[in-house]
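Visitor:
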Amino acid sequence: LRVENGNLYIVQGECQELRKKRFDVERLASENRELRERLSDAEAQLQAHHLAEITGTHTRSRPRTAAEVLEECEGEMDSELEELFRRNQTNLTHIKQEIAVMKGEQSTSLIDEAPTPVKAPQERDPD
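According to this note's numbering, the sequence shown holds residues 291 to 417 in order.
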């Protein structure tokens, strides 16, 4: 009975070691799945890159800057922008003229309708 009792502790220790190993195996399997997914993503990107090289349609590795976009559209947008600026200038001039007319009407109408100032009675010095 004492021998079996001693073996019980040995068996419990082996059980704990096996649980640790099982946990390690599960963790390694999870890491393996994740690495396989990353590998398949990397392979897909590599294939897309090779395909782009073969067909000559390279995709940009970074977004274009505003200067690059303007440079690309330089010839196309100039005439449209000039027309837009001209229209805006005409509209702005028209609005300024309307404001000036409105201010002129308001100032004359306010002068006509303004009451005459009333003089306050002057107080006398009691001395």
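Even glycine gets a Cβ: it sits at the ideal position worked out from N, Cα and C. Bear in mind the structure is a predicted one, so any value in this text is a computation, not a measurement.
#1: What does a CB cutoff of less than 7 Å around L291 pick up in its chain, not counting 5 residues either side in sequence?
#2: Note down the Cα distance separating E362 from S369, rounded to an integer number of angstroms.
#3: By the three-class DSSP mapping on this structure, what secondary structure does R317 have?
Guide: Put simply:
#1: Taken in chain order, the list of residues that qualify is empty.
#2: Taking the CA atoms as reference points, E362 sits about 15 Å from S369.
#3: It is helical.
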